[in-house]
Amino acid sequence: MTDVPVSRLKGQLMITVERLTKRYGTVTAVDGLSFEVGPGRVTGFLGPNGAGKTTTLRVLLGLAAPDGGSATIEGRRYRDLPNPAQTVGAALENDCFHPGRSAVEHLRVVATAAGIPRSRVAQVLGLVGLTEARHRRVGGFSLGMRQRLTLAGALLGDPGVLVMDEPLNGLDPDGIRWMRDLLRHLAAEGRTVLVSSHLLAEAVQTVDVVVVINHGQLAAQGPVAELAAVTSTTRIRTPDTARLMDALDGDGIPARLAEADTVEVRGADPDRVARTDAAASVTVLELTRHTENLEELFFDLTSDHANDRALEVSPS
Amino acid sequence: MTAIANLTRAELRKLVASRTYLIGLTLSVGVAVVSVALDAVVAGKNGQPALGTAASTNQMLKLGVVCCVAMLVLGIIGSGSEYKHKTIIPAVLAAPRRGTLVVAKVIGIAVAGVVLSVLTFGLGLATAAAELSAHHLRHLPADTGTLFAGSVIAGTLFGVIGVAVGYITRSTVAAVVGAVGWVLFVETIIVRNVAPHLANWLVSGAAAALTDPGALASRALTPATAVAVLSGYTVLLLAVASRLVLRRDVA
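In order, the protein sequences belong to chains A and B. Residue numbers for the first sequence follow the numbering used here, beginning at 3 and rising by one. Residue numbers for the second sequence follow the numbering used here, beginning at 143 and rising by one.
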């Protein structure tokens with residue numbers, strides 16, 4: 003594998019998805035979805051299989067037409083960008099190759115079609131560690147090698163925006179770490195990096211910001227750490243649950259009875275909860291704070307019983 | 143124009159880089175040369191016309207059908223395999239205005255059609271001339287110039303028809319079987335026997351008027367009319383294909 007060369011800073015490009023809707027027959031794959039992706043960070047586009055991630059990316063890249071709303075890069079549809087392949091690098095599937103062509107021929111065809119100099123082909127092959135395998139037919143490539151070749155194709159135009167659909171699939175632990183470092187490096191150069199994934203444990207170590215969708219709708223978005231904080235729960239064990247709930251309600255803190263002697267408050271600052279308890283002279287036997295990790299948060303947000311309201315945290 | 147030039151160069155690169163076109167070209171030339179040689183061998187035997195006669199030469203120079211079938215298949219594979227192998231995705235990402243993709247594909251297959259047809263007919267004709275020369279026959283009793291031009295035009299247009307059919311259908315295999323079966327079986331055998339006058343105005347009939355020495359001599363359709371009819375079918379199919387390519391989601 004080769005170190006990522008220092009590239010010129012890219013143009014701080016924003017991805018904006020606004021009230022996007024896409025239907026396939028009677029199935030609504032994406033339903034009024036809105037979110038933004040900024041430069042300089044790796045944004046994870048998360049959701050279970052069938053949540054609408056790939057459909058959203060396809061609409062963003064002009065591969066599918068929306069039924070409503072829009073998905074734009076710097077306010078323009080992909081097809082309206084002056085040099086789309088040199089503005090946005092896309093790695094959607096890891097099997098978009100003619101199996102009879104070699105890796106270098108595949109990239110030369112893509113480069114020629116996009117008007118990218120041929121010299122760039124050797125550079126990206128080196129970047130993804132496929133220089134030695136460049137003359138091998140793609141049909142004989144492993145899943146990990148195909149993933150790297152897909153990424154090479156996305157990087158051909160040295161784009162300011164990188165959109166990748168499940169780039170961690172098929173990679174071994176070394177490959178995942180390499181991909182993680184590369185994505186972070188690309189974001190650090192000022193690029194806008196949007197990465198979809200259903201592999202939570204892997205994604206959480208790679209991304210700075212998440213956009214979580216479920217059933218085609220936004221479930222949550224914001225920086226990973228802050229999302230977890232907002233969704234933390236405070237549990238108060240008390241013999242006087244009714245008075246405690248009244249006091250919390252009076253302070254505008256939504257609470258629910260978790261057990262016969264336990265009240266649960268979601269998202270609120272535990273200090274504020276404790277002060278309310280004290281002010282109401284409620285006997286507190288135990289007060290604990292439980293912070294969800296991203297995986298718990300993900301399952302919570304994407305379960306069929308998830309709240310209708312999307313959880314949103316402003317990036318700090 | 144730059145986008146179309148880039149895409150056309152990419153299409154030509156695909157043709158050179160894949161074995162499919164080279165195999166198709168080799169098979170086409172091989173079939174043409176072997177069929178001419180076999181015609182020469184059987185000439186004058188078992189009731190076959192003697193070598194050097196107009197009938198024998200006509201039989202030998204029915205090479206246009208080889209060009210047409212080869213290019214029909216290559217055209218279908220050229221566009222259909224873009225969906226089969228999902229190479230349509232990087233193609234559309236490189237050229238999101240999909241009309242340019244179709245134009246480049248058509249130009250690419252047209253160039254491929256001219257090369258294949260010239261080589262197939264040219265080497266078949268050279269074989270025929272060599273066979274006649276070996277039997278001390280110096281005259282080729284056929285309008286070789288018209289046949290040559292007709293084979294190149296028909297082969298090229300069949301390639302474009304193949305591209306359109308490949309874009310229209312979802313299955314490359316079904317498209318190849320269906321299109322070749324339609325041209326060689328439905329039109330050439332069934333329709334020609336049931337309604338011979340109608341058959342002249344179909345795709346294979348128009349192609350035959352350009353490539354078959356017998357049909358050319360019969361003037362069932364003039365070469366100009368045949369080119370117009372074949373071009374009409376090509377434009378019609380291409381219009382349907384373009385509409386689908388422009389409107390269909392790429393999955």
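Where a beta carbon is used, it is the ideal one built from N, C-alpha and C, also for glycine.
Own chain partners of residue i with C-beta closer than 7 Å, once the 5 adjacent residues on each side are dropped
{"i": "A/Ala260", "result": "Arg237, Glu266"}
{"i": "A/Glu204", "result": "Leu170, Ile178"}
{"i": "B/Ala185", "result": "Pro191, Ala192, Leu193, Ser198"}
{"i": "B/Gly320", "result": "none"}
{"i": "A/Thr4", "result": "Bear in mind that a pLDDT of 37 at A/Thr4, under 50, signals an unreliable position, so the number given afterwards is only what the model happens to contain. Cβ within range, chain order: Gly128, Leu129, Gly131."}
{"i": "B/Gly314", "result": "This sequence places Thr at residue 314 of chain B; Gly is not what is there. Excluding positions up to five away in sequence, the list reads Ile218, Ile219, Gly222, Ser223, Lys226, Gly308."}
Exposure label - residue i; buried when at least 16 CB within 10 Å
{"i": "A/Arg108", "result": "Note on residue identity: the sequence assigns His, not Arg, to residue 108 of chain A. Classification for A/His108: buried."}
{"i": "B/Glu153", "result": "buried"}
{"i": "A/Asn51", "result": "exposed"}
{"i": "A/Pro175", "result": "exposed"}
{"i": "B/Ser170", "result": "buried"}
{"i": "A/Gln223", "result": "buried"}
{"i": "A/Arg10", "result": "Residue confidence for A/Arg10 is low, a pLDDT of 37 falling below 50, so the modelled location carries little weight and cannot support an answer."}
{"i": "B/Phe327", "result": "exposed"}
{"i": "B/Ala212", "result": "buried"}
{"i": "A/Asp251", "result": "exposed"}
{"i": "B/Arg385", "result": "exposed"}
{"i": "B/Lys187", "result": "exposed"}
{"i": "B/Leu380", "result": "buried"}
{"i": "A/Gln207", "result": "exposed"}
{"i": "A/Pro68", "result": "buried"}
{"i": "A/Pro41", "result": "buried"}
{"i": "A/Arg81", "result": "exposed"}
{"i": "B/Ala366", "result": "exposed"}
{"i": "B/Ser275", "result": "exposed"}
{"i": "A/Ile75", "result": "buried"}
{"i": "B/Thr376", "result": "buried"}
Beta-carbon proximity check, residue i vs residue j, cutoff 9 Å
{"i": "A/Thr304", "j": "A/Ala227", "result": "no"}
{"i": "B/Ala362", "j": "B/Asn335", "result": "no"}
{"i": "B/Gly172", "j": "B/Gly304", "result": "no"}
{"i": "A/His320", "j": "A/Leu59", "result": "The displayed coordinates of chain A run from 3 to 318. Any statement about residue 320 of chain A would go beyond what the structure contains."}
{"i": "A/Gly54", "j": "A/Phe99", "result": "no"}
{"i": "A/Gly162", "j": "A/Thr89", "result": "yes"}
{"i": "B/Lys204", "j": "A/Asp97", "result": "no"}
{"i": "B/Thr329", "j": "B/Val345", "result": "The residue asked about is misnamed: residue 329 of chain B is Glu in this sequence, not Thr. Yes, the Cβ-Cβ distance between B/Glu329 and B/Val345 is below 9 Å."}
{"i": "B/Ile249", "j": "B/Ile165", "result": "no"}
{"i": "B/Leu149", "j": "B/Thr242", "result": "yes"}
{"i": "B/Pro355", "j": "B/Ala284", "result": "yes"}
{"i": "A/Gly155", "j": "A/Ala93", "result": "yes"}
{"i": "A/Arg25", "j": "A/Leu35", "result": "no"}
8 Å contact criterion, which residue i and residue j should meet: CB distance rounded
{"i": "A/Ala327", "j": "B/Ala237", "result": "What is shown of chain A runs 3 to 318, which leaves residue 327 of chain A out entirely."}
{"i": "B/Leu316", "j": "B/Cys210", "result": "Rather than Leu, the amino acid found at residue 316 of chain B in this sequence is Ala. In fact, because the Cβ distance is near 20 Å, the residues do not count as touching under 8 Å."}
{"i": "A/Met16", "j": "A/Val39", "result": "7 Å"}
{"i": "B/Gly206", "j": "B/Thr353", "result": "2 Å"}
{"i": "B/Val387", "j": "B/Arg239", "result": "With 8 Å as the limit, B/Val387 and B/Arg239 do not qualify as a contact, their Cβ atoms being about 11 Å apart."}
{"i": "B/Leu258", "j": "B/Ala271", "result": "About 20 Å separates the two Cβ atoms, so there is no contact after all."}
{"i": "B/Leu267", "j": "B/Thr286", "result": "6 Å"}
{"i": "A/Pro101", "j": "A/Arg139", "result": "7 Å"}
{"i": "A/Phe300", "j": "A/Val214", "result": "6 Å"}
{"i": "A/Arg43", "j": "A/Asp167", "result": "Rounded, the Cβ-Cβ distance is 18 Å, inconsistent with contact."}
{"i": "B/Leu358", "j": "B/Thr262", "result": "Rounded, the Cβ-Cβ distance is 17 Å, inconsistent with contact."}
Residues near residue i by beta carbon distance below 6 Å, same chain, minus five either side
{"i": "B/Val215", "result": "Val318"}
{"i": "A/Thr264", "result": "Arg237, Arg239"}
{"i": "B/Thr311", "result": "Ala317"}
{"i": "A/Ser72", "result": "Glu20"}
Close-in-space but distant-in-sequence residues of the same chain around residue i (CB under 8 Å, 5 per side omitted)
{"i": "A/Leu289", "result": "Thr236, Arg237, Ile238, Arg239, Pro272, Val275, Ala276, Asp279"}
{"i": "B/Val392", "result": "Ile230, Ile231, Val234"}
{"i": "B/Leu265", "result": "Val171, Ala174, Val175"}
{"i": "A/Leu158", "result": "Ala87, Gly91, Leu109, Val112, Ala113, Ala116, Ile118, Arg122, Val123, Val126"}
{"i": "B/Arg161", "result": "none"}
{"i": "A/Asp242", "result": "Val284, Thr285"}
Requested in this report: Identify each residue in the segment 92–109 of chain A for which the Cβ-Cβ distance to at least one residue of chain B is less than 9 Å, and report them in chain order.
Outcome: Ala92, Leu94, Glu95, Asp97, Cys98, Phe99, His100, Pro101, Gly102, Arg103, Ser104, Glu107, His108
Report task. Compile a chain-ordered list of the residues in the segment 225–243 of chain B whose CB is closer than 7 Å to at least one CB of chain A. Result -> His227, Lys228, Thr229, Ile231, Pro232, Ala233, Val234, Leu235, Ala236, Ala237, Pro238, Arg239
Requested in this report: Output, in sequence order along the chain, the residues in the segment 144–169 of chain B whose CB is closer than 8 Å to any CB in chain A.
Outcome: Thr144, Ala145, Asn148, Leu149, Arg151, Ala152, Arg155, Lys156, Ala159, Ser160, Arg161, Thr162
Report task. Taking a Cβ distance cut-off of 9 Å, strictly less, list which residues of the segment 78–90 of chain A are near chain B, in chain order. Result -> Arg79, Tyr80, Arg81, Asp82, Leu83, Pro86, Ala87, Val90
**Report entry** chain B contacts from the segment 266–286 of chain A (Cβ-Cβ distance under 7 Å)
**Finding:** none
Requested in this report: Quick one: which residues of the segment 114–129 of chain A get their C-beta closer than 7 Å to a C-beta of chain B? List them in chain order.
Outcome: Thr114, Ala115, Ala116, Gly117
Query raised in the report: Quick one, which residues of the segment 294–320 of chain B are near chain A if we go by CB-CB under 9 Å, in chain order?
Result: none
Report task. Determine which residues of the segment 370–393 of chain B have a Cβ less than 7 Å from any Cβ of chain A, and write them out in chain order. Result -> Asp391, Val392
Query raised in the report: If you measure beta-carbon to beta-carbon, which residues of the segment 135–152 of chain A are closer than 8 Å to chain B?
Result: none
**Report entry** Residues from the segment 154–165 of chain A in contact with chain B, defined by Cβ distance under 7 Å
**Finding:** Gly155
Query raised in the report: For the segment 42–76 of chain A, which residues have a CB atom closer than 8 Å to at least one CB atom of chain B, in sequence order?
Result: Arg60, Leu63, Gly64, Leu65, Ala66, Ala67
Report task. Anything in the segment 208–224 of chain B with a Cβ closer than 8 Å to a Cβ of chain A? List those residues in chain order, please. Result -> Ser223
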